[in-house]
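**Q**
Number of protein chains: 2
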Amino acid sequence: MATKRSDRITIIQVAERAGVSTATAGRVLGGYGYSSDELRARVRKAADELDYRPNRLARGLITGKTQTIGVVAADIENSFYARAVRGIADVARGSGFGAIITNSDESVEREREAVQLLMEKQVDGFIVSPAALDGSPHLADVIASGRPVVQIDRLTRGLAADSVTVDNRAAARECVVRLLAAGHRRIAIIAELESAVGGDLATFVGSAEEPDVAFRHPSWQRLLGYLDAHRAAGVSVDPALIRRVGEYSAAAAREVSLDVLQGKNRPTALFAGDGTMSTGTMQAIAAMGLRVPDDLSLVCFDDLDWMSWSGITTVVQPVHDMGVAAAELVLARVGGDDSPPQHVVLQAQLAERGSIAAPRGIDTDSR
Amino acid sequence: MATKRSDRITIIQVAERAGVSTATAGRVLGGYGYSSDELRARVRKAADELDYRPNRLARGLITGKTQTIGVVAADIENSFYARAVRGIADVARGSGFGAIITNSDESVEREREAVQLLMEKQVDGFIVSPAALDGSPHLADVIASGRPVVQIDRLTRGLAADSVTVDNRAAARECVVRLLAAGHRRIAIIAELESAVGGDLATFVGSAEEPDVAFRHPSWQRLLGYLDAHRAAGVSVDPALIRRVGEYSAAAAREVSLDVLQGKNRPTALFAGDGTMSTGTMQAIAAMGLRVPDDLSLVCFDDLDWMSWSGITTVVQPVHDMGVAAAELVLARVGGDDSPPQHVVLQAQLAERGSIAAPRGIDTDSR
DNA sequence: CTGAAAGCGCTTACAG
DNA sequence: CTGAAAGCGCTTACAG
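For the record, the sequence lines run as chains A and B. FYI, the numbering for the first sequence is 103 to 469, going by my numbering. FYI, the numbering for the second sequence is 103 to 469, going by my numbering.
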């Protein structure tokens, strides 16, 4: 019983039934321009009776606004993006906007394709977790075309776009400071630290200063916080404890964690520097039959809210808030705000419930 | 440096530069109708030189197709929907489609609003996890308007729409059969079992037959599997072991789980009947310092892939596949397939790694 | 405040 | 195979 095209109720039939011009019907139904109370009532009544539904495509074609936000996440299946998208969708809904979601899988090429599709669909603005941080011509093109871009989680060099990020360095520093205060001296860090983007690990660790840390992926910033804490405590870092997984994969993180736990001179604490990595690290610990925090203290960045119930200390990123902030920025820009790019930095919170124990056999002033 | 409206490259400028009519330019660029090799080359060249980007809004207005799928999830933040949406987005991308994501939070009213917005945006089809299973007039309206609806995870009574679901009853039965085979006789089930939708629990448990189980929420179907297994084994069920959480909340499930674990005559095994519930149940177990599976066997429905590494037996729903199947169905319908409604039922898989122990102090033929 | 006309950027019959 | 004209469903100046 599909409705034939000709059956569709348009503003023309509403205008006819109300005995007004389509212009007037449009003014009433679209909520723009002026109209008298009387005609307004007549048009509304006619629209009601016909069960009129506006076609937003037609409006969008004229106004150039579709009331749609384009989102390019790395991977919506990842709970980080799932939660951010929830925040975005909440804000969008409140303003009558929709959100089109795409995944880049951290590939610049896919990101480019996604942006292209979203541009053709005439989205009003973009929220992107950029794949490349050393410049992104296709995102610059978007901005040049007059559509706002808000970066989330990361910052691209030379892009005049708003951003919403977390102070990863401070949060990581705080975690490691606590582990050090509990007496730990061998703290392994398991993190993504992708090589292609990140550059050389030894150079990074060696350099006292890292000028461009803002344009590093979050895992590098967290490594920096890890190093900061050691430096401040005067504890030297064994390079063998810095483990680079190279991809956002729990399985890969599991292998890396097993390796560091099975090696000689085992660390007494682990800092899992990314949400997905945490999962793999926990698998490794479980597989070895170690107990947290008795055998090993564990601090995880991001995610699973129940981890803290198992003696795991968790740093929780305000991911939903990041989505909300990003969406609010986009909407402000769409609404005409053309102030200089804003860079919102949110703080991650150490969950209260997790516990850090002193290293085995050592009794220090715990926290 | 925002591009002024007048700067926008349309098919008109491309046609001019190529020295052809807009109709011909449209035929070449849109890939429809006939055109000679020579003109095709000229138009392509002109489009390239001008960096022409089609406006899909205009095309959609004429063709009535937007190449967009509307998705109404209960909550994209929930990993179930996040994974399903990933599957949907993958299929959509492969066909040049986009996906607009909305959340209903299990509210019929929100679902109605979301559907309304998506209709106005002229999406070609819907994938919905319906909030109400006893009939849904607004979804029936969508179908009457000629747009396909594919239900995911659940089935609405009287709706002539495709569906993709999981055989929850069989999967739950299988889990409980294993627990029973390991010697467990007191197996608690922690599940959502919302009262408003589900009806009376005692009646449900008492009735030997449940004719309309297809139109129950998944948690009820799983309870049925739990009952099936007991019946088949000739083990009677203590009603006190059936715990209804009433909402998809880890916090609520934690309280319910604590209650059943702290009560007298504690169960020797737990079956957490939903993904979100599993999280709360694990929190409760951790908070009580119990070890799985030594102190207590635990089987969880859905989700977290690392759980099985901690001695927890997991039933994994093929959620990504559900999204893929749903998207493929929608695309087929959009493509003109008007065969009778299809009901795809996928099987959940028991993860291999989890272990079920015999109840404490009992030594039975395990598994 | 209201209406007749033009137009958003494309595609669709219809002639040729 | 190609072009002139009409039109998708709205909104936008422009008169009145």
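Ideal placement from N, C-alpha and C gives every residue a C-beta, glycine not left out.
(1) With DSSP run on the structure shown, which of helix, strand or coil describes PHE317/A?
(2) Is the separation between the beta-carbon of GLN218/B and that of THR168/B shorter than 7 Å?
(3) Can the beta-carbon of VAL116/B be found less than 7 Å from the beta-carbon of ALA149/B?
(4) Does the structure place the region 163-181 of chain A close enough to the region 197-206 of chain A that three or more beta carbon pairs sit under 8 Å?
(5) If contact means a Cβ-Cβ distance below 9 Å, which residues of the region 205-218 of chain A contact chain B?
(6) Name, please, each residue of chain A whose Cβ falls closer than 9 Å to the Cβ of THR168/B.
(7) For ILE164/B, which of GLY132/B, GLU357/B, LEU433/B, GLY308/B has the nearest alpha-carbon?
(8) Cutting at 6 Å between CB atoms, please list the residues of its own chain near ARG142/B, excluding the five before and the five after it.
(9) Alpha carbon to alpha carbon, what distance is there between ASP226/B and ALA316/B?
(10) Going by DSSP in three states, SER265/A sits in which element: helix, strand or coil?
(11) Looking at the strands, I want to know which residues DSSP matches up with ARG346/B.
(12) Here's the rule I'm using: 16 or more other beta-carbon atoms within 10 Å means buried, otherwise exposed. How should GLN419/B be labelled?
(13) Show which residues of chain A have a CB atom less than 9 Å away from the CB atom of VAL187/B.
(14) Going along the chain, which residues of its own chain have a beta-carbon closer than 7 Å to the beta-carbon of GLY162/A, five neighbours each way excluded?
(15) Using C-beta distances below 6 Å, list every residue in its chain close to PRO250/A, excluding the 5 sequence neighbours before and after it, in chain order.
(16) Along chain B, which residues have their Cβ under 8 Å away from the Cβ of GLY200/A?
(17) Helix, strand or coil: how does DSSP classify GLY198/A here?
(18) Determine whether the Cβ of PRO156/A lies closer than 7 Å to any Cβ atom of chain B.
(19) Determine the DSSP secondary structure at VAL394/B, reduced to helix, strand or coil.
(20) For SER206/A and ASP177/A, I'd like the C-alpha separation in whole angstroms.
(21) In chain order, what residues of the same chain lie with their CB nearer than 7 Å to the CB of GLY377/A, ignoring the 5 residues before and after it?
(22) Which same chain residues, not among the five before or five after ARG288/B, have their C-beta less than 6 Å away from its C-beta?
(23) Indicate the three-state DSSP secondary structure (helix, strand or coil) for THR415/B in the structure shown.
(24) Output yes or no for whether 7 Å exceeds the beta carbon distance between GLY189/B and ALA293/B.
(25) Could you check if MET384/B is buried or exposed, using at least 16 other CB atoms within 10 Å of its CB as the buried criterion?
(26) Give the residues of chain A in contact with ALA450/B, contact being defined as C-beta atoms less than 7 Å apart.
(27) In chain order, what residues of the same chain lie with their CB nearer than 8 Å to the CB of THR105/B, ignoring the 5 residues before and after it?
(28) Please report the residue range of the beta strand (DSSP E) in which VAL174/A lies.
(29) Excluding the 5 residues preceding and the 5 following LEU452/B in the sequence, name in chain order all residues of the same chain whose CB lies nearer than 6 Å to its CB.
(30) By the criterion of Cβ-Cβ separation under 8 Å, what are the contact partners of LEU163/B in chain A?
(31) So does the region 261-272 of chain B actually touch the region 443-450 of chain B, counting three or more Cβ pairs closer than 8 Å?
(32) Let me see if you follow: with CB-CB separation under 7 Å, is ALA342/B close to chain A or not?
(33) Express the C-alpha separation of VAL358/A and TYR350/A in angstroms, rounding to a whole number.
(34) For a test of the three-state rule: what should DSSP assign to ASN205/A, helix, strand or coil?
(35) Counting only beta-carbon atoms, is ALA191/A nearer than 7 Å to chain B?
(36) Where does VAL362/B fall in DSSP's three states?
**A** Quick answer:
(1) As a working note, residue 317/A is residue 215 in the first sequence. Correct three-state label for PHE317/A: helix.
(2) Residue 218/B sits at position 116 when you count from the first residue of the second sequence. Residue 168/B sits at position 66 when you count from the first residue of the second sequence. No; because the gap between Cβ atoms is not below 7 Å, this pair is not in contact.
(3) Counting from 1 along the second sequence, the entry for residue 116/B is found at position 14. Counting from 1 along the second sequence, the entry for residue 149/B is found at position 47. Cβ distance < 7 Å, so VAL116/B and ALA149/B count as in contact.
(4) yes
(5) ASN205, ARG212, GLU215, ALA216, GLN218
(6) Counting from 1 along the second sequence, the entry for residue 168/B is found at position 66. Those within 9 Å of THR168/B in chain A are LEU159, LYS223.
(7) Within the second sequence, the letter at position 62 stands for residue 164/B. The option with the nearest alpha carbon to ILE164/B is GLY132/B.
(8) In the second sequence, residue 142/B corresponds to position 40, counting from 1. Here the set comprises VAL130.
(9) Against the second sequence, residue 316/B aligns to sequence position 214. Against the second sequence, residue 226/B aligns to sequence position 124. Cα to Cα, ALA316/B sits roughly 27 Å from ASP226/B.
(10) Position 163 of the first sequence, counting from 1, holds the residue named residue 265/A. Residue state, collapsed to three classes: strand.
(11) Counting from 1 along the second sequence, the entry for residue 346/B is found at position 244. Paired residue(s): ALA293/B.
(12) Counting from 1 along the second sequence, the entry for residue 419/B is found at position 317. GLN419/B should be labelled buried.
(13) Within the second sequence, the letter at position 85 stands for residue 187/B. Per Cβ cutoff of 9 Å: ILE178, GLU179, ALA184, VAL187, ILE203.
(14) Against the first sequence, residue 162/A aligns to sequence position 60. Result list for GLY162/A: THR168, GLN224, in chain order.
(15) Along the first sequence, read from residue 1 onward, the residue named residue 250/A stands at position 148. Closer than 6 Å at the Cβ level, and outside the excluded window around PRO250/A, lie GLY227, VAL432, ARG435.
(16) Position 98 of the first sequence holds residue 200/A. ILE202, THR204, LEU219, LEU220, LYS223, listed in chain order.
(17) Taking the first residue of the first sequence as 1, we reach residue 198/A at position 96. Here GLY198/A sits in coil by DSSP.
(18) For this step, residue 156/A is matched to residue 54 along the first sequence. Yes, PRO156/A counts as interfacial toward chain B.
(19) Taking the second sequence and counting its residues from 1, one reaches residue 394/B at position 292. Residue state, collapsed to three classes: coil.
(20) Your numbering for residue 206/A matches position 104 in the first sequence. Your numbering for residue 177/A matches position 75 in the first sequence. Near 7 Å, if we compare the C-alpha coordinates of ASP177/A and SER206/A.
(21) For the purposes of this step, residue 377/A is identified with residue 275 of the first sequence, where counting begins at 1. Excluding positions up to five away in sequence, the list reads SER181, PHE182, PHE403, ASP404, ASP405.
(22) Position 186 of the second sequence, counted from the first residue, corresponds to residue 288/B. Answer for ARG288/B: PRO369, THR370, listed in chain order.
(23) By 1-based counting over the second sequence, the position of residue 415/B is 313. Three-state DSSP puts THR415/B in a strand.
(24) Within the second sequence, residue 189/B is the residue found at index 87, counting from 1. Within the second sequence, residue 293/B is the residue found at index 191, counting from 1. Contact: no.
(25) Working through the second sequence from its first residue, we reach residue 384/B at position 282. So MET384/B counts as buried.
(26) Looking up residue 450/B in the second sequence gives position 348. In chain order: nothing, as chain A lies at least about 18 Å away.
(27) Position 3 of the second sequence, counted from the first residue, corresponds to residue 105/B. Below a pLDDT of 50, predicted positions are generally treated as unreliable, and THR105/B, at 47, falls in that range; the measurement from the model is reported next regardless. Within the same chain, THR105/B has no close Cβ partners at all.
(28) Here residue 174/A refers to the residue found at position 72 of the first sequence. Per DSSP, VAL174/A belongs to the beta strand (DSSP E) from 170-175.
(29) Counting from one through the second sequence, the residue named residue 452/B turns up at place 350. Hits under 6 Å: VAL417.
(30) As a position in the second sequence, residue 163/B is number 61, starting the count at 1. What LEU163/B touches in chain A: ASN157, LEU159, ALA160, LEU163.
(31) yes
(32) Against the second sequence, residue 342/B aligns to sequence position 240. Answer no: the Cβ-Cβ gap between ALA342/B and chain A never drops below 7 Å.
(33) Reading the first sequence from its first residue, position 248 is the one you call residue 350/A. Reading the first sequence from its first residue, position 256 is the one you call residue 358/A. Their backbone Cα atoms lie some 12 Å apart in a straight line.
(34) Your numbering for residue 205/A matches position 103 in the first sequence. Reduced to three states, the DSSP call for ASN205/A is strand.
(35) Locating residue 191/A in the first sequence gives position 89, counting from the first residue. True, the Cβ-Cβ gap to chain B drops below 7 Å.
(36) In the second sequence, residue 362/B corresponds to position 260, counting from 1. Helix, per DSSP.
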